[in-house]
Amino acid sequence: MPFSSCKDSVALYLRKSRMDPESESIDETLSRHEGTLLKLADTMGLNICKIYKEVVSGDGLFTRPQMLQLLQDVENDRYCAVLCMEIDRLGRSSQKDGGIILETLKEHNVYIITQNRTYNLNDELDEQSVEMQSFIARQELRAIRRRLRKGVEKTVEQGFFVAPPPYGYRRTYINKRPTLEIYEEEAQIIRMVFDMYVNQGFGSQTIADELNRMGFIPRSGGLFSRSTVQFYLQNPAYTGKIVWNRHRRIKKKSLTDKTKEIKNPESDWIKAEGMHPAIISAELFNSAQQIRLSRAHPPALARTLQNPLAGLIYCKNCGSAMVRRKIKDQPRLLCPKNACTKSINSLYVEECVKNAVSALLSQFAPSVPSLPDSTEAVKDRLYILQRQLTQTQAQKSRLYDLLERGIYDEREFLERSSTVAKRIDCIRADIEKKRRWLEGFRYECESTEPMNQCFLRLYGSLTAAEKNTLYKCLIKRIVYSRGTNQKKNEFNLDIEWKEGI
Numbered sequence: 101m102p103f104s105s106c107k108d109s110v111a112l113y114l115r116k117s118r119m120d121p122e123s124e125s126i127d128e129t130l131s132r133h134e135g136t137l138l139k140l141a142d143t144m145g146l147n148i149c150k151i152y153k154e155v156v157s158g159d160g161l162f163t164r165p166q167m168l169q170l171l172q173d174v175e176n177d178r179y180c181a182v183l184c185m186e187i188d189r190l191g192r193s194s195q196k197d198g199g200i201i202l203e204t205l206k207e208h209n210v211y212i213i214t215q216n217r218t219y220n221l222n223d224e225l226d227e228q229s230v231e232m233q234s235f236i237a238r239q240e241l242r243a244i245r246r247r248l249r250k251g252v253e254k255t256v257e258q259g260f261f262v263a264p265p266p267y268g269y270r271r272t273y274i275n276k277r278p279t280l281e282i283y284e285e286e287a288q289i290i291r292m293v294f295d296m297y298v299n300q301g302f303g304s305q306t307i308a309d310e311l312n313r314m315g316f317i318p319r320s321g322g323l324f325s326r327s328t329v330q331f332y333l334q335n336p337a338y339t340g341k342i343v344w345n346r347h348r349r350i351k352k353k354s355l356t357d358k359t360k361e362i363k364n365p366e367s368d369w370i371k372a373e374g375m376h377p378a379i380i381s382a383e384l385f386n387s388a389q390q391i392r393l394s395r396a397h398p399p400a401l402a403r404t405l406q407n408p409l410a411g412l413i414y415c416k417n418c419g420s421a422m423v424r425r426k427i428k429d430q431p432r433l434l435c436p437k438n439a440c441t442k443s444i445n446s447l448y449v450e451e452c453v454k455n456a457v458s459a460l461l462s463q464f465a466p467s468v469p470s471l472p473d474s475t476e477a478v479k480d481r482l483y484i485l486q487r488q489l490t491q492t493q494a495q496k497s498r499l500y501d502l503l504e505r506g507i508y509d510e511r512e513f514l515e516r517s518s519t520v521a522k523r524i525d526c527i528r529a530d531i532e533k534k535r536r537w538l539e540g541f542r543y544e545c546e547s548t549e550p551m552n553q554c555f556l557r558l559y560g561s562l563t564a565a566e567k568n569t570l571y572k573c574l575i576k577r578i579v580y581s582r583g584t585n586q587k588k589n590e591f592n593l594d595i596e597w598k599e600g601i
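Residues in the sequence shown are numbered from 101 upward in steps of one, following my numbering.
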C-alpha cells in the first residue's frame, strides 16, 4: 500500500460528467458516485477526510469552486491522495487547466486513485498514462461540443428558437423542437415600447419611467430600466426572425475575472426566418434601429475613472449614488432616477469639495503628514505588487518545465511566455511608480509648507482616479441637493468626514 509511509488523509472529489445519464440530476449522480467510492475507500482502508462535491456547471477551472478549494488544500499538504471516479473527472476542458491540476498534485506528491488504478504522478509511466488519458478525454469533449454546436446551428437554421424566450413570448414546441408563442400580456408592452420610441419620439429612459408609472413589471422583477428598453428595441426576434451566434463568451482566466462577452463579426452570424409569429412589423423595427443609431449614447463603462467623486456623492431625495454624464460637452452630475433632483455641472461640485478639504487640512500643523491613510494604501498596494511580481516570475519559470514535459507546444509556450513577460514589466513599472510617489510624499511631509497649500499645489496634477482615492481617505459620504428655485451654480452639499478626521 503506497500510503502507509506518508500522510493517510485522502480527499474524495465528485463531479458529474456528460457521460452520466441525462435523466439523473446532479445530486443523484454525485450521490451514486459517492456510495461507489466510499465502498472502494473502505476496501482499500483509506481515510477519507473531506468530500468535495462540484454541484455547479462549468468546464473551466475557475468556474469550479470545489476544485479550486481542493487544489488550495493540496498546496497546504493536507492530503496524500485524491479519490475520484475517473481521471477525466478532475478536468478535461483545456490543456492549461489540466496542466495546473496535475502539476499541483505532482509537486505535493499526491496520488490519484480511481476505481481501476492508482497513479503516482512522480512515476514516469504513471504520469504518461494520466497525460494520455487526459488528452483523449479532451478530444472526446471537443467532439461532443462540435456535435452539440452543429445540432444547435442546424436547429436554428430550420427556424426553431433554442435560447430562453424573450419578453413577450412563451416557450412552445413543434414536433418536440423548441419555438415561441406570443404571450399577449407581455406582447402588448413590447408593441407599446416600439410605438413610443418610433411614433411618439420618447427616449429609452422616458419609456422605462412610463412603464414603471403604469405599474408594469419586468420578468426579473423590480423596475424597467433604460438598458432593458434598449435590449427590447434591438431584438430581431420580435419581427419573427432569429439571429444566432452574435456573441461569444470568454472563459475566466482567474478566480476574480468576470466572464466576458465579445461581439462576433456579422459574417459569423446565423440568420433564419423563425417558426414563431412576429409581434411587430419589420418596418417598425428598422425605423427603431435608424433612430437608435442616430442618437448619441454615452458609453456604459469607461476604461478609466472620470469622476473624482465616484462612490461618494448621493442624492438627498432618493439616496441613489449620483452619476457623471457628459451632456452637450459639459460634465454633469445627475441622479439616475429621472426628474428626482436637478443636475449640476460637476466642476462646480468638485471645486466645492476641494475647498472643503483644503479648509479641513488648514487645521493641521505642517509637520503632520497630510494624508496618512493614502500612504498606507499605497504601501499595501506596493506589498501586493511585490507578491504578484514574485508569483509571476515563478509562473514564468514553470513555463519552461511545462514545455519540456510536452504540456505546452512551442507556439503556446512562446505566446504564454510573452504574455507573462509583459505582465512582469507592467508590475515592475507600477512598483516603481508607487515607490516614486512614496518618496515624493515623504519629501512633502518633511517640508514646512502648510498642508492645505501643499494639497492645492499638487491637486491639479492628479488624475480623476487619484483624486477619488484621496477623497475616500477623508470623506465618508457627500449628500447633494438642489432646489428648483436655486440658480445655475447654486446647490447644497452635506459632507460627512471619516471618524478621526
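For glycine and all other residues, C-beta sits at the position ideal for the given N, C-alpha and C.
Environment of residue i [buried if 16+ CB atoms lie within 10 Å]
| i | result |
| --- | --- |
| Ser367 | exposed |
| Glu373 | exposed |
| Met232 | exposed |
| Ser394 | exposed |
| Cys180 | buried |
| Leu225 | exposed |
| Lys116 | buried |
| Pro265 | buried |
| Glu81 | Any property of residue 81 remains undetermined from this structure, which presents the chain solely from 101 to 601. |
| Met167 | buried |
| Asn552 | buried |
| Pro472 | Here Pro472 scores only 47 on pLDDT, less than 50, and its place in the model should not be relied on; the value that follows carries that caveat. With fewer than 16 Cβ atoms within 10 Å of its Cβ, Pro472 is classed as exposed. |
| Asp142 | exposed |
| Asn407 | buried |
| Gly191 | buried |
| Tyr211 | buried |
Assumed close pair residue i, residue j - CB separation to whole angstroms, cut-off 8 Å
| i | j | result |
| --- | --- | --- |
| Leu412 | Arg577 | 7 Å |
| Tyr580 | Met422 | 6 Å |
| Lys442 | Thr306 | With a Cβ gap of about 17 Å, Lys442 and Thr306 do not count as contacting. |
| Trp369 | Arg346 | 6 Å |
| Tyr267 | Ile290 | 7 Å |
Opening and closing residue of the beta strand (DSSP E) in which residue i lies
| i | result |
| --- | --- |
| Ala111 | 110-115 |
| Arg392 | Note, Arg392: premise wrong, no beta strand (DSSP E); alpha helix (DSSP H) at 382-394. |
| Val423 | 423-427 |
| Tyr269 | 269-274 |
| Tyr152 | 148-154 |
Residue i (DSSP reduced to helix, strand or coil)
| i | result |
| --- | --- |
| Arg249 | helix |
| Leu574 | helix |
| Ala410 | coil |
| Glu596 | strand |
| Asn455 | helix |
| Cys418 | coil |
| Gln586 | coil |
| Leu401 | Annotation note: pLDDT 44 at Leu401 (below 50); position unreliable, no value reported. |
| Val262 | coil |
| Arg217 | coil |
| Gln463 | coil |
| Tyr580 | strand |
| Leu562 | coil |
| Lys437 | coil |
| Leu280 | strand |
| Gln430 | strand |
| Phe591 | coil |
| Asn445 | strand |
| Leu471 | Bear in mind that the predicted position of Leu471 carries a pLDDT of just 47, short of 50, making it too unreliable to give a figure here. |
Start-to-end residues for the alpha helix (DSSP H) that takes in residue i
| i | result |
| --- | --- |
| Glu195 | Correcting the residue type first, residue 195 is Gln in the shown sequence and not Glu. Where Gln195 is concerned, the enclosing alpha helix (DSSP H) stretches over 195-207. |
| Val633 | Examination of residue 633 is not possible in this model, given that the chain is present from 101 through 601 alone. |
| Thr143 | 126-144 |
In chain order, which alpha helix (DSSP H) runs of at least 4 residues are fully inside the region 308-379?
Secondary structure in the region 308-379: the alpha helix (DSSP H) runs of 4 residues or longer, each lying completely within the stretch, are 326-333 in chain order.
Residue ranges of each beta strand (DSSP E) within the region 161-188, 3 or longer:
Correct list: 181-183.
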